[in-house]
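Novice:
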Amino acid sequence: MEVFEVLQYFLGTAKEVFLCPFPAAWGREAVVVNCFSPGETVVCLVSGERGEHWARVAEGFGLSVIRLGGYGGKPPQAEDLYLLFEAERASSIKGVFVTHLEREEPFAVDLEALGRVCRSFDVLYALDVSESFGVFPLSLDESAVDVAVAESPLLSRNRSLLVVGEKAWRARSSARCPRFALDFAELQRLSTGQELSSSCFEFLLNLRSVGRETVWERRKFLASLFRRGAEALGFQVVHGMAAFPSVTCLRLPEGIVEDEVLLAFEREGIWSGKVAKKDRTIWVRHGDTLKVAEILGLLFVLGEVLRGKGQKVDISTILAGMEVDWSG
(Lines of atoms letter the chains of each structure in order from A; the text may use other names.)
(Lines give C-alpha, C1' and ligand atoms only; values in the text may rest on other atoms or scores of the structure.)
Protein backbone atom coordinates (compact mmCIF):
# COMPACT_ATOMS: atom_id res chain seq x y z
CA MET A 4 0.00 0.00 0.00
CA GLU A 5 1.32 3.46 -0.93
CA VAL A 6 1.96 6.26 1.57
CA PHE A 7 -0.74 8.49 0.10
CA GLU A 8 -3.35 5.73 0.22
CA VAL A 9 -2.70 5.31 3.94
CA LEU A 10 -2.90 9.06 4.51
CA GLN A 11 -6.17 9.27 2.56
CA TYR A 12 -7.56 6.45 4.69
CA PHE A 13 -6.85 8.23 7.98
CA LEU A 14 -8.21 11.49 6.62
CA GLY A 15 -11.32 9.84 5.20
CA THR A 16 -10.89 11.36 1.76
CA ALA A 17 -10.42 10.51 -1.90
CA LYS A 18 -9.09 14.02 -2.55
CA GLU A 19 -5.48 14.70 -3.43
CA VAL A 20 -3.10 14.71 -0.45
CA PHE A 21 0.23 16.57 -0.48
CA LEU A 22 3.01 15.63 1.92
CA CYS A 23 4.76 18.93 2.64
CA PRO A 24 8.25 19.61 4.09
CA PHE A 25 7.06 22.29 6.53
CA PRO A 26 4.82 22.64 9.62
CA ALA A 27 1.05 23.14 9.53
CA ALA A 28 1.41 26.90 10.10
CA TRP A 29 2.71 27.17 6.55
CA GLY A 30 -0.10 24.91 5.39
CA ARG A 31 -2.67 27.31 6.82
CA GLU A 32 -0.95 30.14 4.98
CA ALA A 33 -1.01 28.08 1.76
CA VAL A 34 -4.78 27.70 2.07
CA VAL A 35 -5.24 31.45 2.49
CA VAL A 36 -3.06 32.52 -0.44
CA ASN A 37 -4.30 29.89 -2.88
CA CYS A 38 -8.02 30.22 -2.22
CA PHE A 39 -8.71 33.89 -1.45
CA SER A 40 -8.07 37.46 -2.56
CA PRO A 41 -7.43 40.67 -0.60
CA GLY A 42 -10.69 42.33 0.44
CA GLU A 43 -12.72 39.11 0.59
CA THR A 44 -14.54 38.21 3.79
CA VAL A 45 -13.90 34.96 5.66
CA VAL A 46 -15.04 33.53 8.98
CA CYS A 47 -12.51 32.06 11.43
CA LEU A 48 -13.78 29.82 14.22
CA VAL A 49 -11.42 30.75 17.04
CA SER A 50 -11.13 28.90 20.33
CA GLY A 51 -7.35 28.64 20.57
CA GLU A 52 -3.93 29.22 19.07
CA ARG A 53 -4.42 27.55 15.68
CA GLY A 54 -7.67 29.32 14.89
CA GLU A 55 -6.20 32.67 15.90
CA HIS A 56 -3.16 32.03 13.71
CA TRP A 57 -5.40 31.38 10.73
CA ALA A 58 -7.22 34.66 11.39
CA ARG A 59 -3.97 36.64 11.66
CA VAL A 60 -2.60 35.15 8.44
CA ALA A 61 -5.81 36.02 6.59
CA GLU A 62 -5.70 39.58 7.91
CA GLY A 63 -2.04 39.82 6.95
CA PHE A 64 -2.97 39.14 3.33
CA GLY A 65 -5.69 41.77 3.34
CA LEU A 66 -8.76 39.62 3.95
CA SER A 67 -11.63 40.84 6.11
CA VAL A 68 -11.92 38.39 9.02
CA ILE A 69 -14.96 37.70 11.18
CA ARG A 70 -13.91 35.84 14.34
CA LEU A 71 -16.49 33.44 15.75
CA GLY A 72 -15.71 32.22 19.26
CA GLY A 73 -17.25 29.63 21.54
CA TYR A 74 -18.85 30.07 24.92
CA GLY A 75 -19.49 28.12 28.10
CA GLY A 76 -16.23 26.23 27.68
CA LYS A 77 -17.35 24.82 24.33
CA PRO A 78 -16.06 25.58 20.82
CA PRO A 79 -18.20 27.45 18.26
CA GLN A 80 -21.27 25.53 17.14
CA ALA A 81 -22.80 25.02 13.69
CA GLU A 82 -25.88 26.94 14.81
CA ASP A 83 -23.68 29.96 15.59
CA LEU A 84 -22.19 29.82 12.10
CA TYR A 85 -25.62 29.54 10.50
CA LEU A 86 -26.90 32.59 12.39
CA LEU A 87 -23.79 34.52 11.40
CA PHE A 88 -24.36 33.73 7.72
CA GLU A 89 -27.96 34.85 8.04
CA ALA A 90 -26.95 38.11 9.71
CA GLU A 91 -24.03 38.92 7.40
CA ARG A 92 -25.73 38.02 4.11
CA ALA A 93 -23.85 34.87 3.16
CA SER A 94 -23.06 36.07 -0.35
CA SER A 95 -20.39 38.37 1.14
CA ILE A 96 -18.57 35.50 2.89
CA LYS A 97 -16.18 33.44 0.78
CA GLY A 98 -14.83 30.87 3.22
CA VAL A 99 -14.79 29.40 6.71
CA PHE A 100 -11.63 28.40 8.57
CA VAL A 101 -12.18 25.71 11.22
CA THR A 102 -9.85 23.99 13.69
CA HIS A 103 -11.19 20.58 14.67
CA LEU A 104 -9.49 20.55 18.07
CA GLU A 105 -7.36 23.14 19.81
CA ARG A 106 -4.61 22.28 22.27
CA GLU A 107 -6.30 24.62 24.73
CA GLU A 108 -9.72 22.98 24.38
CA PRO A 109 -10.69 19.38 25.15
CA PHE A 110 -13.79 19.48 22.96
CA ALA A 111 -13.95 19.03 19.20
CA VAL A 112 -16.24 20.89 16.82
CA ASP A 113 -18.90 18.98 14.86
CA LEU A 114 -17.30 18.70 11.42
CA GLU A 115 -20.35 17.32 9.62
CA ALA A 116 -22.73 19.93 11.04
CA LEU A 117 -20.36 22.75 10.07
CA GLY A 118 -19.97 21.17 6.64
CA ARG A 119 -23.73 21.19 6.09
CA VAL A 120 -23.83 24.91 6.85
CA CYS A 121 -20.91 25.68 4.53
CA ARG A 122 -22.43 23.58 1.76
CA SER A 123 -25.86 25.20 2.09
CA PHE A 124 -24.31 28.67 1.70
CA ASP A 125 -21.79 27.51 -0.93
CA VAL A 126 -18.64 28.75 0.83
CA LEU A 127 -15.22 27.11 0.91
CA TYR A 128 -14.75 24.95 4.02
CA ALA A 129 -11.12 24.89 5.23
CA LEU A 130 -10.10 22.68 8.14
CA ASP A 131 -7.10 22.07 10.42
CA VAL A 132 -7.06 18.54 11.84
CA SER A 133 -3.57 18.63 13.36
CA GLU A 134 -4.64 17.56 16.84
CA SER A 135 -7.02 14.84 15.64
CA PHE A 136 -5.15 13.19 12.74
CA GLY A 137 -4.51 9.58 13.71
CA VAL A 138 -6.70 9.97 16.81
CA PHE A 139 -10.22 10.71 15.58
CA PRO A 140 -11.87 8.62 12.80
CA LEU A 141 -11.95 11.50 10.31
CA SER A 142 -14.26 11.53 7.27
CA LEU A 143 -13.35 14.73 5.45
CA ASP A 144 -15.36 13.88 2.35
CA GLU A 145 -18.51 13.06 4.31
CA SER A 146 -18.04 16.34 6.20
CA ALA A 147 -17.85 18.27 2.87
CA VAL A 148 -14.38 19.66 3.63
CA ASP A 149 -12.84 21.40 0.61
CA VAL A 150 -9.27 21.88 1.81
CA ALA A 151 -7.49 20.71 4.95
CA VAL A 152 -4.15 20.86 6.72
CA ALA A 153 -2.66 18.53 9.33
CA GLU A 154 0.54 17.87 11.21
CA SER A 155 1.25 15.06 13.64
CA PRO A 156 4.12 13.22 15.34
CA LEU A 157 2.99 10.33 13.11
CA LEU A 158 4.38 12.27 10.13
CA SER A 159 7.81 12.97 11.68
CA ARG A 160 9.23 16.37 12.49
CA ASN A 161 8.40 19.44 10.37
CA ARG A 162 6.08 17.55 8.04
CA SER A 163 2.48 18.39 7.32
CA LEU A 164 -0.33 17.37 5.01
CA LEU A 165 -2.50 19.36 2.65
CA VAL A 166 -5.76 17.95 1.31
CA VAL A 167 -6.85 19.85 -1.79
CA GLY A 168 -10.25 19.26 -3.36
CA GLU A 169 -11.80 20.43 -6.60
CA LYS A 170 -13.41 23.51 -5.05
CA ALA A 171 -10.05 24.64 -3.65
CA TRP A 172 -8.40 24.19 -7.06
CA ARG A 173 -11.16 26.28 -8.64
CA ALA A 174 -10.69 29.00 -6.04
CA ARG A 175 -6.97 29.07 -6.85
CA SER A 176 -7.70 30.06 -10.44
CA SER A 177 -9.13 33.42 -9.34
CA ALA A 178 -7.31 34.03 -6.02
CA ARG A 179 -5.03 37.08 -6.07
CA CYS A 180 -2.95 36.77 -2.91
CA PRO A 181 0.81 36.40 -3.56
CA ARG A 182 1.70 32.70 -3.28
CA PHE A 183 5.46 32.50 -3.81
CA ALA A 184 6.60 28.96 -2.92
CA LEU A 185 3.23 28.02 -1.40
CA ASP A 186 1.36 27.68 -4.70
CA PHE A 187 -0.70 24.48 -4.70
CA ALA A 188 0.82 23.51 -8.05
CA GLU A 189 4.35 23.83 -6.65
CA LEU A 190 3.42 21.92 -3.48
CA GLN A 191 1.87 19.20 -5.63
CA ARG A 192 5.16 18.88 -7.50
CA LEU A 193 7.23 18.86 -4.29
CA SER A 194 4.98 16.25 -2.72
CA THR A 195 5.94 13.62 -5.30
CA GLY A 196 9.46 13.58 -3.86
CA GLN A 197 8.47 13.48 -0.19
CA GLU A 198 8.55 10.28 1.85
CA LEU A 199 7.78 9.28 5.41
CA SER A 200 10.46 7.60 7.47
CA SER A 201 10.20 3.82 7.41
CA SER A 202 9.26 3.76 11.12
CA CYS A 203 6.46 6.32 10.65
CA PHE A 204 5.10 4.52 7.61
CA GLU A 205 5.22 1.15 9.35
CA PHE A 206 3.38 2.57 12.36
CA LEU A 207 0.67 4.04 10.12
CA LEU A 208 0.34 0.72 8.32
CA ASN A 209 -0.13 -1.03 11.66
CA LEU A 210 -2.85 1.47 12.59
CA ARG A 211 -4.43 0.95 9.18
CA SER A 212 -4.54 -2.80 9.73
CA VAL A 213 -6.66 -2.46 12.88
CA GLY A 214 -8.92 0.29 11.48
CA ARG A 215 -9.81 3.87 12.42
CA GLU A 216 -12.67 2.96 14.73
CA THR A 217 -10.54 0.51 16.69
CA VAL A 218 -7.80 3.12 17.07
CA TRP A 219 -10.42 5.63 18.28
CA GLU A 220 -11.72 3.20 20.90
CA ARG A 221 -8.15 2.51 22.02
CA ARG A 222 -7.50 6.25 22.40
CA LYS A 223 -10.63 6.63 24.53
CA PHE A 224 -9.61 3.67 26.68
CA LEU A 225 -6.13 5.09 27.30
CA ALA A 226 -7.57 8.54 28.06
CA SER A 227 -9.86 7.01 30.67
CA LEU A 228 -6.87 5.18 32.20
CA PHE A 229 -4.88 8.39 32.47
CA ARG A 230 -7.78 10.36 33.93
CA ARG A 231 -8.64 7.73 36.54
CA GLY A 232 -4.96 7.38 37.47
CA ALA A 233 -4.57 11.15 37.82
CA GLU A 234 -7.60 11.28 40.10
CA ALA A 235 -6.13 8.48 42.22
CA LEU A 236 -3.05 10.69 42.66
CA GLY A 237 -5.20 13.57 43.90
CA PHE A 238 -5.50 15.62 40.71
CA GLN A 239 -8.96 16.73 39.60
CA VAL A 240 -9.99 16.02 36.01
CA VAL A 241 -11.74 19.22 34.96
CA HIS A 242 -13.77 18.09 31.97
CA GLY A 243 -14.25 14.41 32.75
CA MET A 244 -14.66 11.55 30.32
CA ALA A 245 -16.61 13.54 27.72
CA ALA A 246 -13.47 15.41 26.69
CA PHE A 247 -11.53 14.60 23.53
CA PRO A 248 -9.19 11.64 24.25
CA SER A 249 -5.91 13.28 23.24
CA VAL A 250 -5.63 15.88 25.98
CA THR A 251 -6.71 16.15 29.61
CA CYS A 252 -7.17 19.24 31.76
CA LEU A 253 -6.07 18.69 35.38
CA ARG A 254 -6.58 20.92 38.42
CA LEU A 255 -3.59 20.63 40.72
CA PRO A 256 -3.68 19.52 44.37
CA GLU A 257 -2.85 22.10 47.04
CA GLY A 258 0.86 22.76 47.38
CA ILE A 259 1.69 21.92 43.76
CA VAL A 260 2.75 24.75 41.45
CA GLU A 261 1.93 24.62 37.74
CA ASP A 262 5.50 25.25 36.59
CA GLU A 263 6.80 22.32 38.64
CA VAL A 264 4.55 19.91 36.76
CA LEU A 265 5.28 21.47 33.38
CA LEU A 266 9.04 21.26 33.94
CA ALA A 267 8.75 17.64 35.02
CA PHE A 268 6.96 16.79 31.77
CA GLU A 269 9.42 18.80 29.70
CA ARG A 270 12.34 16.88 31.21
CA GLU A 271 10.70 13.72 29.88
CA GLY A 272 10.05 15.27 26.46
CA ILE A 273 6.29 15.36 27.00
CA TRP A 274 4.19 18.28 25.73
CA SER A 275 1.91 19.96 28.24
CA GLY A 276 0.24 23.33 28.24
CA LYS A 277 -0.89 25.83 30.80
CA VAL A 278 -4.13 27.81 31.06
CA ALA A 279 -5.19 30.52 33.52
CA LYS A 280 -3.06 30.25 36.65
CA LYS A 281 -5.93 31.39 38.83
CA ASP A 282 -7.65 28.10 38.01
CA ARG A 283 -4.52 26.06 38.91
CA THR A 284 -4.93 23.90 35.84
CA ILE A 285 -2.62 22.33 33.29
CA TRP A 286 -3.23 20.48 30.04
CA VAL A 287 -1.56 17.13 29.48
CA ARG A 288 -1.32 15.76 25.96
CA HIS A 289 -1.44 11.98 25.61
CA GLY A 290 -2.93 11.38 22.15
CA ASP A 291 0.34 10.29 20.54
CA THR A 292 0.47 6.90 22.21
CA LEU A 293 -1.36 3.59 21.94
CA LYS A 294 0.56 1.96 24.80
CA VAL A 295 -0.57 1.51 28.40
CA ALA A 296 3.10 1.69 29.47
CA GLU A 297 3.37 5.26 28.18
CA ILE A 298 0.21 6.28 30.03
CA LEU A 299 1.76 4.82 33.18
CA GLY A 300 4.87 6.88 32.41
CA LEU A 301 2.81 10.07 32.42
CA LEU A 302 1.28 9.13 35.76
CA PHE A 303 4.68 8.31 37.23
CA VAL A 304 5.88 11.81 36.28
CA LEU A 305 2.92 13.27 38.20
CA GLY A 306 3.74 10.95 41.08
CA GLU A 307 7.36 12.13 41.16
CA VAL A 308 6.19 15.73 41.43
CA LEU A 309 4.12 14.78 44.46
CA ARG A 310 7.06 12.87 45.99
CA GLY A 311 9.21 15.96 45.55
CA LYS A 312 6.73 17.78 47.78
CA GLY A 313 7.06 15.14 50.47
CA GLN A 314 3.80 13.40 49.67
CA LYS A 315 3.58 9.63 49.87
CA VAL A 316 2.70 8.03 46.55
CA ASP A 317 1.39 4.47 46.63
CA ILE A 318 1.70 2.89 43.18
CA SER A 319 -0.74 0.13 44.09
CA THR A 320 -3.37 2.77 44.90
CA ILE A 321 -2.84 4.38 41.49
CA LEU A 322 -3.16 1.06 39.68
CA ALA A 323 -6.30 0.21 41.64
CA GLY A 324 -7.76 3.62 40.80
CA MET A 325 -7.28 2.94 37.10
CA GLU A 326 -9.80 0.08 37.43
CA VAL A 327 -7.94 -2.30 35.14
CA ASP A 328 -7.60 -6.04 35.59
CA TRP A 329 -3.78 -6.26 35.56
CA SER A 330 -3.79 -10.03 36.13
CA GLY A 331 -4.54 -10.71 32.43
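Numbering-wise, my numbering comes out as the position in the sequence shown, counting from 1, plus 3.
C-beta atoms are modelled at their ideal positions from N, C-alpha and C, and glycine is treated no differently.
Indicate whether G51 and E108 have their beta-carbon atoms separated by less than 8 angstroms.
Specialist: For the purposes of this step, residue 51 is identified with residue 48 of the sequence shown, where counting begins at 1. For the purposes of this step, residue 108 is identified with residue 105 of the sequence shown, where counting begins at 1. Yes, they are a contact pair.
Novice: By alpha-carbon positions, which one of C203, V166, P156, W219 ends up nearest to Q191?
Specialist: In the sequence shown, the residue the question calls residue 191 occupies position 188. Looking at the Cα atoms, V166 is the closest of the given residues.
Novice: Helix, strand or coil: how does DSSP classify F136 here?
Specialist: Taking the first residue of the sequence shown as 1, we reach residue 136 at position 133. In this structure, F136 counts as coil in the three-state DSSP scheme.
Novice: Using alpha carbons as the reference points, say which of V287, L255, R211 lies closest to P248.
Specialist: Taking the first residue of the sequence shown as position 1, residue 248 is located at position 245. Comparing Cα positions, the closest option is V287.
Novice: Would you mind stating whether T251 and R230 have Cβ atoms separated by less than 8 angstroms?
Specialist: By 1-based counting over the sequence shown, the position of residue 251 is 248. By 1-based counting over the sequence shown, the position of residue 230 is 227. Yes, they are a contact pair.
Novice: Name the one or two DSSP bridge partners that K170 has.
Specialist: Locating residue 170 in the sequence shown gives position 167, counting from the first residue. Beta-bridge pairing links K170 to no other residue.
Novice: Hey, could you find the ends of the alpha helix (DSSP H) K223 is sitting in?
Specialist: As a position in the sequence shown, residue 223 is number 220, starting the count at 1. Segment 215 to 236, the alpha helix (DSSP H) holding K223.
Novice: Using beta-carbon positions only, say whether L143 and V152 come within less than 8 angstroms of one another.
Specialist: On the sequence shown, position 140 is the one that residue 143 refers to. On the sequence shown, position 149 is the one that residue 152 refers to. No.
Novice: Roughly how many whole angstroms lie between the Cα atoms of V260 and I273?
Specialist: As a first step, residue 260 is located in the sequence shown; it is residue number 257 there, counting from the start. As a first step, residue 273 is located in the sequence shown; it is residue number 270 there, counting from the start. The straight-line gap from Cα to Cα measures roughly 18 angstroms.
Novice: Residues bridged to T251 by DSSP?
Specialist: The sequence position of residue 251 within the sequence shown is 248, counting from 1. In DSSP, T251 forms a bridge with V287.
Novice: Give the straight-line distance between the Cα atoms of G98 and G237, rounded to the nearest whole angstrom.
Specialist: Within the sequence shown, residue 98 is the residue found at index 95, counting from 1. Within the sequence shown, residue 237 is the residue found at index 234, counting from 1. Computed Cα separation, rounded: 45 angstroms.
Novice: With a threshold of 7 angstroms on Cβ separation, who are the neighbours of T320 within its own chain once the five nearest residues in sequence on each side are excluded?
Specialist: Counting from one through the sequence shown, the residue named residue 320 turns up at place 317. Closer than 7 angstroms at Cβ, skipping near neighbours: A235.
Novice: Would the beta-carbon of P41 fall within 8 angstroms of that of C180?
Specialist: Sequence index remark: in the sequence shown, residue 41 carries index 38 (1-based). Sequence index remark: in the sequence shown, residue 180 carries index 177 (1-based). Yes, the pair counts as a contact, with Cβ atoms nearer than the cut-off.
Novice: In the DSSP assignment, the beta strand (DSSP E) including I273 goes from what residue to what residue?
Specialist: Numbered from its first residue, the sequence shown carries residue 273 at position 270. Per DSSP, I273 belongs to no beta strand (DSSP E) and is neither H nor E.
Novice: For E19, which beta-bridge partners are listed by DSSP?
Specialist: If you number the sequence shown from 1, residue 19 lands on position 16. Answer is V167, bridged to E19.
Novice: What does the alpha-carbon distance come out to for the pair G324 and S201?
Specialist: The residue given as residue 324 occupies position 321 in the sequence shown. The residue given as residue 201 occupies position 198 in the sequence shown. Their backbone Cα atoms lie some 38 angstroms apart in a straight line.
Novice: Does the distance from the C-beta atom of L141 to that of G290 stay below 8 angstroms?
Specialist: Sequence index remark: in the sequence shown, residue 141 carries index 138 (1-based). Sequence index remark: in the sequence shown, residue 290 carries index 287 (1-based). Not a contact, by the Cβ cut-off of 8 angstroms.
Novice: When the Cα atoms are used, what is the spatial distance from V46 to E62?
Specialist: In the sequence shown, residue 46 corresponds to position 43, counting from 1. In the sequence shown, residue 62 corresponds to position 59, counting from 1. If you take the alpha carbons of V46 and E62, they lie about 11 angstroms apart.
Novice: Should E263 and V308 be called a contact, given that it needs their Cβ atoms to be closer than 8 angstroms?
Specialist: Counting from one through the sequence shown, the residue named residue 263 turns up at place 260. Counting from one through the sequence shown, the residue named residue 308 turns up at place 305. Their beta carbons are under 8 angstroms apart, which means E263 touches V308 by this criterion.
Novice: On the DSSP bridge list, what partners appear for V99?
Specialist: Along the sequence shown, one-based indexing puts residue 99 at 96. Its beta-bridge partners are V46, Y128.
Novice: Using a Cβ-Cβ cutoff of less than 6 angstroms, which residues in the same chain neighbour F136 once the five nearest sequence positions on both sides are dropped?
Specialist: Taking the sequence shown and counting its residues from 1, one reaches residue 136 at position 133. The answer, listed in chain order, is A153, S155.
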